[in-house]
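Take 704 as the starting number for the sequence shown in our numbering and just add one per residue. Think of the CB as a built atom: it goes at the ideal place given N, C-alpha and C, for glycine as much as any other residue. Given the structure is predicted, the values throughout are model-derived calculations rather than measurements. What follows is a short report on a single structure.
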Amino acid sequence: MKIDFIELRHIRMRLVAPFETSFGVEHDRDCIILTLRGEGLTGWGECAAGMSPGYSYETTATAWHVLTDFFVPAILEGEITEIEDLRDRLGKFKGHPLARAGLEMALWDLFAQTAEIPLATLLGGDQKAVPVGVSVGIQKDAEVLIDVVGRFIDEGYDRVKIKIKPGRDVGEVQAVRGAYPDLKLQVDANSAYMFEDTASIEALDDFDLLLIEQPLGEDDLFDHSRLQARLKTAICLDESILSVRHARQALEINACRVINIKPGRVGGLSEAKAIHDLCLDSNIPVWCGGMLETGIGRASNLAIASLPGFTLPGDISATDRYYKEDIAAPSFVLNPDSTIDVPTKPGLGVEVLSDRLDQVTLRREVFKV
Ligand code: OSB
Ligand code: MG
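Written out as structure tokens, the structure reads:
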């Protein structure tokens, strides 16, 4: 396939509620939407790099720079015959997985459209609907948190993840567990702890949590393995796993018992699938993480989460949990059994609403051959 047109848009979408984590609070979600055209088809991608280097070192500004100055020119050169070509083209560049993944998503969309099959099918997925939960940010106090969690349970979510940070951990978990004894509950520290101050992480071991996500630094596989040895509860790694090699090494040293697979974080759907395959072989359950994506990124997350190893509920919530109006249709809705349907139309299977996209665009640039 010859790609002859690439458009980048920096967009900003207002969240229905501010989202607070150990690295800060977001009121709006920034990201880059990519459009690729080739052979009369249009593919869409979403680069989840946000406003500040809180979750990842990448931001919309660094991604814009790396995409426009290096990645996009490499894609516009010659033909792309298969998705693997992208890895070869970008192989000489280091890092910037979120930028890479945005471009790769649009290519996967194009290849699935060419084959006239849903992206899920092209990836090898066959679950029609995937189990999902909701990720709840840090709230004003434990009372408010109980209230917010209760509202999501009423909406039908049967798994809840709460964000924690030092000083806002045991108290919150105790409160939520006390109010909802049977809830599937898990926590995410976004790497806010050091091995030296894990007494509060160890104190979480008696609350029947599904898992404890990324307690320590992203570059700290070794201390995660020391911490996992002290816990009954499974550690799940998010930020620490950037490749299938990291995943293999983490499993070899028992640094975790679960992996959160986010295609963005690992540089795209191909690497995400490779990590899935490794974990399926190793009997390690995985789930699909989220980054407050628009309907474009959410469609892609649902597609990868349809693979058989995604047995734990993903952070893929209904559209109305994030945005009043999305840039893609139809909206994703929660089924009564806490699942969301995988799109069945060819490619990503959503329609991008161009008026709506224009309204949220801050900056736009087009590249043609
Ligand atoms: O650590 O999983 C995370 C959002 C942005 C960046 C990192 C994370 C998150 C979430 C939200 O937890 C998941 C979602 O999209 O619902
Ligand atoms: Mg996380």
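Quick one: what does DSSP say residue 919 is sitting in, helix, strand or coil? Reading the sequence shown from its first residue, position 216 is the one you call residue 919. Coil, per DSSP.
Could you please go through the chain and list the residues whose beta-carbon is closer than 6 Å to any non-hydrogen atom of ligand 1? 758, 838, 891, 893, 941, 992, 993, 994, 995, 1018, 1020
In chain order, which beta strand (DSSP E) runs of at least 3 residues are fully inside the stretch 951–1006? 961–964, 989–991
Just reading off the alpha helix (DSSP H) that residue 706 is part of, what are its end residues? In the sequence shown, counting from the first residue as 1, residue 706 sits at position 3. The continuous stretches of alpha helix (DSSP H) do not include residue 706, which lies in the beta strand (DSSP E) extending over residues 706–724.
Is residue 721 buried or exposed, if buried means 16 or more other CB atoms sit within 10 Å of its CB? As a first step, residue 721 is located in the sequence shown; it is residue number 18 there, counting from the start. Here residue 721 is exposed, its C-beta having fewer than 16 other C-beta atoms within 10 Å.
Looking only at its own chain, which residues have a Cβ that is under 7 Å from the Cβ of residue 1014, when we skip the five neighbours before and after it? Against the sequence shown, residue 1014 aligns to sequence position 311. These residues qualify, in order along the chain: 988.
Is the beta carbon of residue 750 closer than 8 Å to that of residue 798? To locate residue 798, count along the sequence shown from 1; it is residue 95. To locate residue 750, count along the sequence shown from 1; it is residue 47. Result no, Cβ atoms of residue 798 and residue 750 do not sit closer than 8 Å.
If contact is defined by three or more beta carbon pairs under 8 Å, each pair taking one atom from either stretch, is the stretch 892–903 in contact with the stretch 864–882? yes
Count the CB pairs spanning the stretch 946–961 and the stretch 771–785 that are closer than 8 Å, and state whether there are at least three. In the pairwise beta carbon analysis, the stretch 946–961 is classified as not touching the stretch 771–785: fewer than three pairs are separated by under 8 Å.
Own chain, CB closer than 8 Å to residue 880, minus 5 neighbours either side, in chain order: Residue mapping note: residue 880 aligns to position 177 of the sequence shown, counting from 1. Only 886, 888, 910, 911 meet the Cβ criterion.
Is the beta carbon of residue 1058 less than 8 Å from the beta carbon of residue 832? For the purposes of this step, residue 1058 is identified with residue 355 of the sequence shown, where counting begins at 1. For the purposes of this step, residue 832 is identified with residue 129 of the sequence shown, where counting begins at 1. Between residue 1058 and residue 832, the C-beta spacing is not below 8 Å.
Per DSSP, cross-strand counterpart(s) of residue 1067: By one-based count along the sequence shown, residue 1067 stands at place 364. BP columns for residue 1067 point to 712.
Short Cβ contact (8 Å threshold) for residue 1031 with residue 997: Here residue 1031 corresponds to residue number 328 of the sequence shown, with the count starting at 1. Here residue 997 corresponds to residue number 294 of the sequence shown, with the count starting at 1. A contact, by the Cβ cut-off of 8 Å.
Any heavy atom of ligand 2 within a distance shorter than 7 Å of the CB on residue 723? The count along the sequence shown starts at 1 and reaches residue 723 at position 20. In terms of side-chain proximity, the C-beta atom of residue 723 is found no nearer than 7 Å to any non-hydrogen atom of ligand 2.
Unbroken stretches of the alpha helix (DSSP H), 4 residues or longer, contained in the stretch 751–802: 763–769, 775–779, 787–793
Secondary structure of residue 1023, DSSP reduced to three states: Position 320 of the sequence shown, counting from 1, holds the residue named residue 1023. If DSSP states are grouped into helix, strand and coil, residue 1023 belongs with the helices.
Just to confirm, is the Cβ distance from residue 741 to residue 795 under 8 Å? Numbered from its first residue, the sequence shown carries residue 741 at position 38. Numbered from its first residue, the sequence shown carries residue 795 at position 92. With a cutoff of 8 Å on beta-carbon distance, residue 741 and residue 795 are scored as not near each other.
Any heavy atom of ligand 3 within a distance shorter than 7 Å of the CB on residue 917? Ligands present in the displayed structure are limited to ligand 1 and ligand 2, and ligand 3 is not among them.
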